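Same order as they appear, the protein sequences are chains H and Z.
Each residue of the first sequence is one higher than the one before, starting from 0 at the first, in numbering that gives the first Met the number 0.
Each residue of the second sequence is one higher than the one before, starting from 0 at the first, in numbering that gives the first Met the number 0.
Notes follow once the structure below has been shown.
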Amino acid sequence: MIASILDYEFMRNAFIATTIVGIVAGAVGYFLVLRGETFAGHALAHVGFPGATGAVLIGISPILGLTFFTVIAGVGIGLLGSKAHRDVAIGLVLTLSLGLGLLFLHFYTAYAGQATNVLFGNVLGIDGDTIAALAGIGAISLVGLLLIARPLLFASLQPELAEARGLRLGLVSTLFLVIVALSTVEAMQIVGVLLVFALMVAPAAISLHLTRRVATGIVLAMVLAVLIAWISLVLAYVTDWPTSFWITALGGLGYFASASWSHRRRTRQAA
Amino acid sequence: MKALSFEAVSLGHGGRPILRGVSFSIEPGSFVGILGPNGAGKTTLLRAVLGLIPPLAGSVKVLGEAPRRGNSAIGYMPQMRRLPPSLGLTGHDLVVGAAGGHRWGWPFASTAEKQMAAEALERVGATDLARRPFSDLSGGERQRILIAEALLGKPKLLLLDEPLISLDAGQQRAMVELVHRIGQELSIAVLFCSHEINPLLHAVDEVLYLGGGKAAIGSVDQVINSRVLSELYRTPITVLRTNGRIFVLADDIDLEGAEHGHHDHAHEHS
């Protein structure tokens with residue numbers, strides 16, 4: 000039964016798409032967790048809801064609308080600067096986004112059937128064009144991340160020293176959030192607007208529990224994200240339950256298992 | 000050429016001055032203790048030297064030039080903050096990360112950057128320490144790693160923001176001795192912020208005392224006396240000397256002692 004899984008084109012597409020997205024989401028997610036900005040990532044994903052529905056309303060491709068809206072929001076959150084009052088602002092952007100998305104759906108009722116796909120993802124409906132778009136956006140995100148990785152890590156770990164050495168913290172933060180925006184667009188194609196957290200944050204958070212080295216951690220987060228997505232596809236095929244459910248379930252289970260493992264290891268070391 | 004000179008400088012945030020019309024200069028290679036209570040402007044002064052905030056008035060010169068961001072002639076050690084606990088980066092990772100951490104592009108450290116980091120760690124005697132996770136180190140050991148970071152790029156001026164906070168007396172002494180030795184070996188001018196003068200007494204050439212928006216500079220004897228400090232704070236202040244230690248008292252309250260355990264204005268700029 001499992002062997003026949005790749006006989007279907009939509010399944011092959013799903014595996015290719017989750018591989019691309021897993022690699023990007025794992026790497027970007029690692030820095031997101033490290034910087035304590037996961038809430039910003041969560042909000043950026045929600046901005047995708049009015050992005051996608053609004054794009055359909057004015058008749059452009061949803062993925063274009065998504066990308067446009069989330070990148071603008073990424074720049075906006077980056078420019079908000081210091082974290083002091085940011086959580087409230089981000090939270091308001093998040094609810095405003097869902098409200099706007101609802102409004103757009105109200106005007107374009109024919110699209111309402113698609114709302115579930117936007118909100119919860121539809122990995123089995125991915126076609127060749129979407130894969131090409133995912134590969135393009137993914138390549139841009141990864142190259143961008145590679146180019147800013149060194150200042151990003153420095154600014155994340157030692158912000159005062161980085162600033163004193165001439166690094167513009169606001170610029171680093173904004174560039175990173177643009178990359179986060181691009182990778183949330185990717186993850187949305189798989190798990191939808193509401194569940195991006197599962198694919199971006201869970202593998203990275205697990206990885207941070209399992210290894211202390213940065214390079215190893217990034218690679219591990221990528222591998223975990225791809226593995227979680229693949230296993231979820233197989234489980235969805237076997238059970239006929241939604242893939243997005245399995246991704247959230249595996250991500251959550253993995254997170255709590257790794258957290259308790261790392262907690263026990265630390266208490267044993269301390270003893 | 001002076002290592003640092005301030006001419007009638009006012010500093011502050013949003014137009015509200017913390018220091019008003021302050022003038023002083025610091026000789027190359029000298030060790031200067033910057034003293035004063037919370038909010039007196041110690042961190043603000045360092046940020047102005049780093050070129051992170053422009054003076055409201057007056058002129059600041061760093062090694063004869065106007066302050067600019069990312070000036071590699073300045074080594075800086077911010078007040079210590081904790082790293083994310085889930086990370087187990089070693090001291091070596093941190094110092095290598097700081098060497099060339101402002102550089103965009105290919106993310107892996109070059110041989111030259113690793114060399115720089117190794118030299119700086121060697122200079123503070125932390126080569127072995129640096130192999131252990133930073134989070135496992137004691138307060139004094141962490142400060143040594145941070146000093147190594149400040150020494151990257153062969154600075155001529157070292158700015159240290161409260162390196163003695165949360166260290167015990169023995170660690171404080173070791174820290175002051177280390178910085179003093181390095182300053183002399185490499186002829187670096189050192190600006191050492193502290194709440195308390197006593198740990199610095201044997202090392203300082205001069206003290207810069209901040210208070211009431213003003214500054215007084217000179218030797219310990221010239222500055223830390225009743226006349227100068229009373230004028231600075233515009234309130235009667237008594238200075239007691241006993242057993243080679245100095246106590247500054249205002250209205251029978253120990254001005255310096257009262258600051259202990261408090262964290263300074265580290266976030267006043269955020």
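Where is the CB? At the ideal position from N, CA and C, for every residue including glycine.
If you're wondering where the values come from, they're calculated on a predicted model, not measured in any experiment.
Within the same chain, Cβ atoms closer than 7 Å to the Cβ of P198 of chain Z are found at L163, Q171, R172, V175, the five residues on either side in sequence being excluded. Along the region 163–183 of chain H, going in chain order, the ones with a CB nearer than 7 Å to a CB of chain Z are A163, R164, G165, L166.
For the pair of segments examined, the region 235–243 of chain H was found not to touch the region 34–41 of chain H: the number of CB pairs separated by less than 8 Å stays below three.
For M76 of chain Z, the enclosing beta strand (DSSP E) stretches over residues 73–76. For the region 97–112 of chain Z, the set of positions with a beta-carbon nearer than 9 Å to some beta-carbon of chain H reads A97, G99, G100, H101, R102, W103, G104, W105, P106, F107, A108 in chain order. Taking the Cα positions, A147 of chain Z is about 5 Å away from L120 of chain Z. For A148 of chain H, the nearest beta carbon of chain Z is closer than 8 Å to its own beta carbon. Contact annotation: in the region 48–70 of chain H, no residue has its CB less than 7 Å from a CB in chain Z. A2 of chain H has a beta carbon lying at 8 Å or more from every beta carbon in chain Z. Residue burial annotation: M0 of chain Z is exposed, with fewer than 16 other C-beta atoms found within 10 angstroms of its C-beta. Taken through DSSP and simplified to helix, strand or coil, H208 of chain H comes out as helix. Between the beta-carbon of G63 of chain Z and that of G182 of chain Z there is about 19 Å, and that puts the pair past the 8 Å contact cut.
Excluding the 5 residues flanking it on each side, L168 of chain H has same chain C-beta neighbours closer than 7 Å at A154, P158, A161, E162, in chain order.
In its chain, beyond the 5 residues on either side, A26, V27, I178 have a beta carbon closer than 7 Å to the beta carbon of L144 of chain H. Runs of the alpha helix (DSSP H) lying entirely within the region 29–97 of chain H, each at least 4 residues long, are 37–57, 61–78 in chain order. One alpha carbon belongs to A98 of chain Z, the other to W105 of chain Z, and they sit about 14 Å apart.
Short of 7 Å from the beta carbon of D92 of chain Z, and not among the five residues preceding or following it, lies no beta carbon of its own chain.
Here the alpha carbon of W240 of chain H sits roughly 19 Å from the alpha carbon of A224 of chain H. The beta-carbon distance between V203 of chain Z and F30 of chain Z, rounded to whole angstroms, is 5 Å. This is short enough to meet the 8 Å contact definition.
Here the C-alpha atom of A125 of chain Z lies approximately 14 Å from the C-alpha atom of L151 of chain Z. Burial is judged here by how many other beta carbons sit within 10 angstroms of a residue's own beta carbon; L252 of chain H has fewer than 16 and is exposed. Annotation for V94 of chain Z: A116, A119, L120, A129, I144, A147, E148, L151 place their beta carbon closer than 8 Å to its own, counting only its chain and skipping 5 residues before and after. The residues L128, in chain order, have a CB closer than 7 Å to that of E140 of chain Z in the same chain once the five nearest residues on each side in sequence are set aside. Interface residue (Cβ-Cβ distance to chain Z less than 8 Å): L141 of chain H is not classified as such. Between the alpha carbons of V171 of chain H and G75 of chain H lies a gap of roughly 13 Å. Using a 10 angstroms sphere on the CB of A88 of chain H, the tally of other CB atoms stays under 16, which defines it as exposed.
Bounds of any alpha helix (DSSP H) do not take in V200 of chain H, whose DSSP letter is neither H nor E. By alpha-carbon distance to L231 of chain Z, the top candidate from Z:G13, Z:V8, Z:R19, Z:F5 is Z:R19. Pairing T52 of chain H with P154 of chain Z, the inter-Cα distance amounts to about 55 Å.
At a beta-carbon threshold of 9 Å, the residues of chain Z lying near A161 of chain H are A97, G100, H101, ordered along the chain. For a Cβ distance threshold of 7 Å, residue set R211 of chain H lies close to L86 of chain Z, ordered along the chain. The straight-line gap separating the alpha-carbon atoms of G58 of chain H and G35 of chain H is approximately 37 Å. Chain H places a beta carbon closer than 8 Å to that of E148 of chain Z, counting this residue as a contact. Within the same chain, Cβ atoms closer than 8 Å to the Cβ of L248 of chain Z are found at I236, T237, V238, L239, L254, the five residues on either side in sequence being excluded. Beta-carbon to beta-carbon, L194 of chain H and T247 of chain H are separated by about 6 Å, close enough to satisfy the 8 Å threshold. Flagged as an interface residue toward chain Z: L156 of chain H, by a C-beta distance shorter than 8 Å.
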